[in-house]
Amino acid sequence: MAEEETQVSIVDTESVIDAPSQLEHDEEPAEHEHDDSTTTNDATKKKPKQPIQATREAGKSLLPFSRVQKIIKADKDIPIIAKDATFLISIATEEFIKRLIQAGQSVAEREKRATVQVKDLATVVRKADEFLFLEEILNAQLPPQEKRKPKALTTANSESGASGGPTLFDHFNAPTKTVSDEDVVTNEDGTMGDAPTPSNEGIGRHTAVALSAAGWTVAITARRSDALEETKSLMNLDDNRKSLIFAGDVTDEAFVKSLFEETVKAFGRLDLLFNLISQNAGMAHPLVPIDEVPLEQFQQVISVNLIAPFICTREAVRVFKSQSPPGGRIINNGSISAMVPRPFSYAYTASKHALTGLTKTTSLEGREYNIACTQINIGNTSTEMADHHAIGARQPDGRVVPEAVMAVEHVVNTVVHIAGLPNDVTVLEATVIPTKVPFVGRG
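For the record, in the sequence shown the residue sitting at position 287 is 287 according to this note's numbering, with numbers rising by one throughout.
Right under this line is the structure:
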């Protein structure tokens, strides 16, 4: 088979969240007492004192004495007099709030997220010394877990806390029999192969490397150029074969047009588009009932999960039609939620159902031009991504339970196989899931 050129479209699914939100801290007014004392004249009772309204400046703590007593029982459990304990705790809390905001904003700005959860800080804690205070404060030693080396191509190294062992953050990456605490289990509605970044090497990176190993000339896109360079370095390239990288946002129409133009200009044609674009449920926004979903959050997920794949598909089809000989293949990243939803995943589920429509329409209209289109629905997959939790998935009955996972190479091998088929053969839909994952009969 002659050497083929391909553009593998990979995007970090969190790339279009606009602004980080400052962490908010609830505050309660200080407790107060009413003065019920009277004067000698019974007819003129003193009015109760007005309660002092507690206020807190941004980044400041507010821990009244009475609240500290209730929370920690300082007069009983700590061998420090109550007022001294209150003072120390208030100062420590104030410093913690400041540093927590700093850590949260760092992650929010880097990942372009609107909100940040504890699980999102795990990578920062492990990779940045200035945030090690979180480990010191939240340290929770766990029994050592047996490590395994991922079968898929990876350069990830084992990481541990400042003390050398697992910490509280490892609860969000709980190991299973086949997954160590350095691996991450992304739920079936969150295994979309986020863009390869130093802390987020997922299906996208492995697929790009595997396609290159299979003889494809690969162009990859994501938000961060340093991550793309790292992925490129894993490919076995020589003087006769090269790879292109494009750092940018695939929800930007002008950027998408330019990356297709540059790819065709460099390689002469295009044979494959792997639309691995997705924002998984719960990544940037909390999973809540539909009556609590803001419109802008819904629109943002639709923009990433549907509009971006549409733009890439449109540009790919334009190339497929115009080149000689015409034709090509598109593989869209679907989801099990395109068939069976997760609880509280309205935007995500709607976007994936819509992607199924895009896949079928592209397949139908592409027949005349020898264009094949596939949707691959990927189940719970073990990757080296370090910013997702592996404690389980929410079930329809409200429970959060661990679910079966599979190794990433099974997904990658499926993609490479479909990519290598002749264009007169198509796989309209492929679902790759662990045998024991709750999908058939879910609910």
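The beta carbon of each residue, even a glycine, is placed where N, CA and C say it ideally should be.
Asked                                                                                                   : Found
Start-to-end residues for the beta strand (DSSP E) that takes in Q375                                   : I371 to I378
Separation of V301 from K352, as counted between CA atoms                                               : 10 Å
Classification of K436 by the beta-carbon crowding that lies within 10 angstroms, buried from 16 upward : exposed
Assigned exposure category for H417 - 16 Cβ within 10 Å defines buried                                  : exposed
Status (buried if at least 16 other CB within 10 Å, exposed otherwise) for E292                         : exposed
Range of the contiguous alpha helix (DSSP H) that encloses L259                                         : E253 to F267
Best match in N305, A430, H410 and I101 for proximity to T207 [C-alpha to C-alpha]                      : H410
Coil, strand or helix - L211 by DSSP                                                                    : helix
Pair within 8 Å by beta-carbon distance, N332 and L358                                                  : yes
Closest Cα partner of A430 within the set R367, C373 and Q323                                           : C373
Sheet register partners of I330 (DSSP bridge)                                                           : L273 and C373
Inter-residue spacing [alpha-carbon to alpha-carbon] between E253 and I311                              : 7 Å
Beta-bridge partners of P406, as assigned by DSSP                                                       : Contrary to the premise, residue 406 reads as Met rather than Pro in this sequence. T381.
L244 - containing beta strand (DSSP E), residue span                                                    : L244 to A247
C-alpha distance - L295 paired with A404, whole-angstrom precision                                      : 33 Å
Supposed contact pair S258 and A219 - C-beta distance, whole angstroms, cut 8 Å                         : Not a contact, Cβ separation roughly 12 Å.
Continuous alpha helix (DSSP H) stretch holding I220: start and end                                     : First-last for I220: T217 to A222, but that is the beta strand (DSSP E), not the alpha helix (DSSP H).
Cβ-Cβ distance between G327 and Y369 below 8 Å                                                          : yes
Buried versus exposed call for N236 [16 or more other C-beta atoms within 10 Å across all chains shown] : exposed
Proximal residues to K149 (C-beta, below 8 Å), its chain only, five neighbours per side dropped         : Low local confidence applies: a pLDDT of 38 at K149 is under 50, so the model's placement there is unreliable, with the coordinate-based value given in what follows. Here the set comprises nothing.
Contact under 8 Å by Cβ, V298 with A227                                                                 : The identity of residue 298 in the sequence shown is Phe, whereas the question assumes Val. Going by C-beta atoms, F298 is not nearer than 8 Å to A227.
Cβ-based burial, A152 [other Cβ within 10 Å; buried from 16]                                            : With a pLDDT of 37 at A152, under the threshold of 50, the modelled position of that residue is not reliable, and the figure given next carries that caveat. So A152 counts as buried.
Residue environment, N240, which counts as buried when at least 16 other CB atoms sit within 10 Å       : exposed
Rounded straight-line distance, which links the Cα of A92 to that of V250                               : 43 Å
Classification of P341 by the beta-carbon crowding that lies within 10 angstroms, buried from 16 upward : buried
Burial state of G268, where buried means 16 or more other Cβ atoms lie within 10 Å                      : exposed
Range covered by the beta strand (DSSP E) that runs through A114                                        : Where A114 is concerned, there is no enclosing beta strand (DSSP E), given that its DSSP letter is neither H nor E.
Which of helix, strand or coil DSSP assigns to D226                                                     : helix
Given I433 as reference, the closest of T361, I336 and F344 once Cα atoms are compared                  : I336
C-alpha gap between N377 and T217, whole angstroms                                                      : 25 Å
Counted within 10 angstroms of its Cβ, other Cβ atoms place R126 as buried (16 or more) or exposed      : With a pLDDT of 48 at R126, under the threshold of 50, the modelled position of this residue cannot be trusted; read the value that follows with caution. By the neighbour-count rule (16 or more Cβ atoms within 10 Å), R126 is buried.
Terminal residues of the alpha helix (DSSP H) in which E365 lies                                        : Y346 to G366
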